[in-house]
Amino acid sequence: MASRRDELNAYNFARKRTVAAFLKPLPNGSVDSAPRPLKHAVPGIVMAVVVLAGFGACGMISPVAPKGWDTPEAGIIVTDPSATRYVVLKSDTKDKSGKSVGVLHPVLNLASAKLLLDPKKTGGDSVKKVKEKFLDDSDITQGSMVGIPYAPDRMPATKDAGTAKTWALCQQPSGGSDEASVQQTVFVLDKSDESKVTSPSKGRLGSTQALYVQDKTGKPYLVSSNGVAYQLVDGPGGDFDSLIATLFGAEAKPQTVSDDWLNTLRQAPVPISLPSVDGLAGTSTAPDLPAGHNKVGTLIEGAQNQKYLVEKDRLIAITDFEASLLKETVGTAYPSGAPEYMKVQQTDIHPTEGSLYDNAPAVKKAGGKLNWPKQKVTRANAAPGTGGKDVSCSVYQGDNGGSRSLWAGKSLPIGKISASASSYVSPGSGMLYQEQTGSSASGFNYLVTDTGLRYHLPVNNDSGNTAGSAKKEVNQSKARLGYGEVNAVKVPAVWSQLLPSGPDLTTDAAKQTQNS
């Protein structure tokens, strides 16, 4: 009788033979050569698991939407691939849990989008990228477009916004038939551009150069290289024409500039005129004068080319600029020829304290000194139509109280802008500044961007929460735009107001729908 093992072996043989007959029905086929059904199935299953895991990992690494993308006021949603910007705002509708239902709004520009965010919710990363198809397929409520028309779409980086810039106001002939008409452009330049108006090799005036200009009423000025405007007038020592001939030449014609341009300069308290000398050609009673040099009006030159003037009762030091004017008015003290400097040893003279015209009322009011330019100057600019440097710029560097200088050239210092443009800001740059008037420590805050516009940032509550019990919020616009920790640069109002104004940047304004 067969054992149980023999019966099991017989069963397995019969099963294999039956399977072989179906899978390999050949006359010479054997049971052992028949394919095994699970031989390739297992690797296939393993491969499928790996592929699915890969897609899962890809989804985790690059999700179609980041977590919390639909949280109201928590981020700027930028769609892929269209790069359309959206924000999710709260609505009056509540969900089952009592929370406000978010509404998706397209937004006009970056500044508006930032103003609509809550800085406490952004977590330092306000931009959330979302696949466009995912957004289209989501069940979030779609709202109207919101934002502030003409608000900036590009704003300066935080560090750049708190850095003082170089300002320049340039005047050029308008090209019209009226010679008195001018075209002006204001520049706000960062480090990459400022050398175009501050470098001596690119047109900045040196200490011995000056501009000859007039306002639109014809009032003439000499403007020194450090930004001081001196009115030119008739004087006791000679008429106006003689003064102009002495300073710039008999045929000199001034360049016309606007009042705005003149207001950016410091105004000298004492006008420039040809000076006179009291008691000219008489004998001076000044002590210890060198022999032969005691005639009133005598010009003396001592050590290091220092110039002196002999007056009725004293010998005073004068500047080279004053000496150049006096040479035109003291001729009667030199009957034998043109006035010349009498060179003496420094030890032979004993000048007294004092300066030219220091007893005149206007000079006393100015601190006892004329404060005219110290060196003889030459003209750097030219009248329109002469082919010379007929573009003149007043330049201001730094914070409130910064340095001033001048620039002259044949064309605008930045050549890549339209001649008709009223303002230019270095691309990608800008500044957060406080407008200063006089000695006041307060003023309006503005953001200037490379649009060339200045945007007012209100200090008081601008969040829309004006209830009496609401905590007073200040500088919310500044904080929402990302400049909460930036100290505003102080800029004089005469410079600030040269820039054209854009809209106020407030949260309430950014919430306004744009149905058109």
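Mapped onto the numbering used here, the consecutive letters of the sequence shown carry residue numbers 38 to 553. Ideal Cβ positions, reconstructed from N, Cα and C, are used throughout, including at glycine.
Taking all protein chains in view, the Cβ of R491 is crowded by 16 or more other Cβ atoms within 10 Å, so the residue is classified as buried. Taken atom to atom, the span from the alpha-carbon of E472 to that of S479 is near 8 Å. Only buried fits D230, as 16 or more other CB atoms lie within 10 angstroms of its CB. I355 sits in a strand when the DSSP states are folded into three classes. By alpha-carbon distance to K344, the top candidate from L326, D350, Y378, P495 is Y378. In this structure, the CA atom of K151 is about 11 Å from the CA atom of I114.
The three-state secondary structure of Y48, taken from DSSP, is helix. Judged by beta-carbon spacing, D197 lies beyond the 7 Å limit of L147, meaning their Cβ atoms are not closer than that value.
Here DSSP, grouped into helix, strand and coil, assigns V270 to coil.
Exclusion of the five residues before and after Q251 leaves P257, Y258, P291, Q292, T293, V294 as the residues of its chain whose Cβ lies within less than 8 Å of its Cβ. Residue pairing from DSSP places S538 in a beta bridge opposite R491. Counting every other CB atom within 10 Å of its CB across the protein chains shown gives R54 a total below 16, marking it as exposed. With contacts defined by Cβ atoms closer than 7 Å, A340 and L302 do not form a contacting pair. DSSP, reduced to helix, strand and coil, places F285 outside both helices and strands of the structure shown, so it counts as coil.
Nearest neighbour of V219 by Cα position, chosen from E522, A458, V526, P464, turns out to be A458.
Take T322, set aside five residues on each side of it, and the residues of its chain with a beta-carbon closer than 8 Å to its own are K349, D350, in chain order. The beta carbon of S137 sits closer than 8 Å to those of P109, K127, S128, D129, T130, K131, all from its chain and outside the five residues before and after it, given in chain order.
Taking the CA atoms as reference points, L518 sits about 19 Å from H142.
Burial is judged here by how many other beta carbons sit within 10 angstroms of a residue's own beta carbon; M84 has fewer than 16 and is exposed. Rounded to whole angstroms, the separation of the alpha carbons of Y520 and P156 is 11 Å. Using a Cβ distance threshold of 7 Å, L172 and T116 count as a contacting pair.
S429 has Q208, A445 as its beta-bridge partners, per DSSP.
Apart from sequence neighbours up to five positions away, the residues of its chain that approach S244 with a beta-carbon distance below 7 Å are S262, Q412, ordered along the chain. Judged by DSSP in its simplified three-state form, K136 adopts coil rather than helix or strand. In the structure shown, the three-state DSSP call for P156 is helix.
Within its own chain, the residues whose Cβ lies closer than 8 Å to the Cβ of E522, once the five positions on either side in sequence are excluded, are T195, listed in chain order. Annotation for D129: no alpha helix (DSSP H) segment contains it, though the beta strand (DSSP E) segment containing it runs 122-131.
Contact between V428 and S448 is confirmed by a C-beta separation of about 6 Å, below the 8 Å threshold.
In this structure, DSSP gives Q382 a state outside helix and strand, which the three-state scheme calls coil. Per DSSP, the unbroken alpha helix (DSSP H) holding P398 starts and ends at 398-402. Contact check for S310 and D271: beta-carbon distance about 6 Å, within the 8 Å limit, so the pair qualifies. Taking the Cα positions, S361 is about 57 Å away from N497. Inter-residue distance for I353 and L336 is about 10 Å (C-alpha atoms, whole angstroms). Distance from the CA of A399 to the CA of G405, rounded to the nearest whole angstrom, comes to 9 Å. G255 is not a Cβ neighbour of P312, given a cutoff of 7 Å. Secondary structure of P109 (DSSP, three-state): coil.
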